[in-house]
Structures are given as structure tokens and as C-alpha cells.
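Going down the list, the protein sequences come from chains A and B.
Everything in the first sequence is counted per this note's numbering, starting at 145 for the first residue and increasing by one.
Everything in the second sequence is counted per this note's numbering, starting at 145 for the first residue and increasing by one.
Don't be surprised by glycine CBs; every beta carbon is placed ideally from N, CA and C.
Since the structure is predicted, the reported quantities are computational estimates derived from the model, not experimental observations.
See below for the structure under consideration.
There are 2 protein chains.
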Amino acid sequence: MSFNLHPQLIADCYVLGRDQHCQLLLHKNASLPWFIIVPETEQTEFLLLDSALQTEILWLASQLSDFMRNRLGVKKTNMATIGNIVSQLHMHVIGRSEQDVCWPLPVWGHLNTQTGYTESTVIDYTEILCCEYGLTAAVA
Amino acid sequence: MSFNLHPQLIADCYVLGRDQHCQLLLHKNASLPWFIIVPETEQTEFLLLDSALQTEILWLASQLSDFMRNRLGVKKTNMATIGNIVSQLHMHVIGRSEQDVCWPLPVWGHLNTQTGYTESTVIDYTEILCCEYGLTAAVA
């Protein structure tokens, strides 16, 4: 199946890797750890996916949550599928803490700071997620 | 197990019913259809629940999505677990449309209108969700 990421997701995110049927993105705003899982499907509603794909997405979300807990010391995860602006189905998996710049508000429409990742951090995240959490790296 | 709903959820919502391990709430703000599923657990992170309880929550969310699609003509669902302010685990299942008062923004921190349900609408929703979608009604 030919699948193309939505241009807004390409503009906003790094593609870190993929699982069997999902792409794993990292939002370029480094103010807080913000991952996005994009299943390669035309379906726009998470609850209308077949259960196997729902399970794959939740497994990926769990891996990201474990990564943030173990490597970044982040214990709180905000998880959401919204898609009001970008209709292509995507799940946000965002690490939150009382010390972050947006706490306690959700990030959507409330995150007003913009910082970037260094290239080495993006490479580190990719390698850790691939080697320790079972993702396949993105083809450059 | 003794389980008490968080006071903020009690203040904000009607309790419509319950499933095996979850309570089903309807947010009192009728500006758009906004349901909240509360699993009866001390765990605050959805991704750390056992898979059986995750599955039960997603099944309930699917029932709500079907109800909104079939009865309210709402095709878009926003689904999220946030919990930055109310830490008790709860999943938002919100019906959205391009005609609603908050579109395309997410409701959290952006919904500035407040309207109420009639008692008969709350009773109708409860009855439909119980009879057609398998929920058990709340004990009065």
C-alpha cells in the first residue's frame, strides 16, 4: 500500500522509525518529549481500526512511555487521538511533568515555547528506541 | 474494592452507568457530547493497566463512539487520557464536528461556552446506552 505522511506531520516532526504498520515521529518542539504514532491506514478514527492495529499502536505507545520513564525520568503520559486539523490518524504520546513549561495544561493550543533538538539527541533517541524498544529505524 | 470518584469528576459530570470495572460519566457541559470513562483502579496511567482493563475501556469508548455516530450524527471522536489536574485515571471520549462551538480546537482549555442538559436527555442517554450498548445504569 502506498502511504504518504501528511505534509503537516512531515513539517512538524522527525521520522524516527517504524513498526510493522506504524510510523514513529518525534515532534520537533523539544520543550517536552512529544511522540506521534501514525498507523499506515486511510481510516481516520482510532476506534474504527481493527483490534490488531489498535493493539500495535498501544504497544508502541507503551514502549514510548517506558522509554520516557526509564531514560527521561518522565512518569506522566498524555495520550490522545484528536485529528481535528490533521485528519490523518495519529496518536500523541507526550511526556509531562510538573516542571514542564506547559504544566498542567495540555499541549494542544497551549504550548507557547519552541526549542529544538540537537542532531545527536535525535540520533540517540532513534538508536535507543530501535535497539532497546524494537523499532526499525527510518530509512534516511 | 472501595472506589470513590474524584470530587471534581462528581462536580462536573453525571454518572450514567457502569460496566464491569468502569464508570461512565457524561460531562454536564452540553455544548458538545463529552463522555468520560473512569476505570475503578488506583493506577493513574492508562498504559500501565493490564491489557484486560485497557480492552474494557476501549470497548466502552467504541460503544460511545457508535452511540454518537448512530444517534447524534457525530462522526469524529477525540479520545484522550490526560490527568494533569485530576490524577484519577479517566478517558475522555468526545464527539466533534465542524459545526461545534470549539472546532477545530480540542476542548481542554478552549471550550468557553456552557450549556446544560435537560433531565430527560440525561435519562434518554442512560436508557439507550444501557439497553442498546450494554451499560448497567447507575444506582440512583
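Check	Outcome
In chain order, what residues of the same chain have a beta carbon less than 7 Å from the beta carbon of residue 216 of chain A, not counting five sequence neighbours either side?	177, 239
For residue 161 of chain B, which residues in the same chain have their Cβ closer than 7 Å to its Cβ, ignoring the five residues on either side in sequence?	168, 270, 273, 274, 279, 280, 281, 282
Can you have a look at residue 229 of chain A and say buried or exposed, based on whether 16 or more other CB atoms are within 10 angstroms of its CB?	exposed
Under 7 Å Cβ to Cβ from residue 157 of chain A, same chain only, skipping five residues before and after it: list those, please.	169, 170, 171, 172, 180
Taking C-beta pairs closer than 8 Å, name the residues in chain A that residue 209 of chain B reaches, listed in chain order.	189, 191, 192
With a threshold of 16 other CB atoms inside 10 Å of the CB of residue 99 of chain A, please say whether the residue is buried or exposed.	No answer is possible for residue 99 of chain A: it lies beyond the span of chain A, which begins at 145 and ends at 284.
Under 9 Å, Cβ to Cβ, is there at least one residue of chain A near residue 248 of chain B?	yes
Mapping DSSP to helix, strand and coil, what is residue 201 of chain B?	helix
Could you tell me if residue 251 of chain B is buried or exposed, where buried requires 16 or more neighbouring beta carbons within 10 angstroms of its beta carbon?	buried
Should the segment 252 to 259 of chain B be regarded as contacting the segment 206 to 215 of chain B, the criterion being three or more beta carbon pairs within less than 8 Å?	no
What's the call for residue 224 of chain B, buried or exposed, on a 16-neighbour Cβ count within 10 Å?	buried
So the candidates are B:243, B:201, B:249; which of them puts its Cα closest to the Cα of residue 166 of chain B?	B:201
For chain B, is any of its Cβ atoms less than 9 Å away from the one on residue 267 of chain A?	no
Report the rounded CA-to-CA distance for residue 242 of chain A versus residue 222 of chain A, giving the unit in angstroms.	13 Å
Name the two residues that bound the continuous beta strand (DSSP E) containing residue 168 of chain A.	166 to 171
Output yes or no for whether 9 Å exceeds the beta carbon distance between residue 185 of chain B and residue 193 of chain B.	yes
Give me the Cβ distance between residue 277 of chain A and residue 174 of chain A, rounded to the nearest whole Å; I'm assuming they're in contact under 8 Å.	Their Cβ separation, rounded to whole angstroms, is 20 Å, which puts residue 277 of chain A and residue 174 of chain A out of contact at 8 Å.
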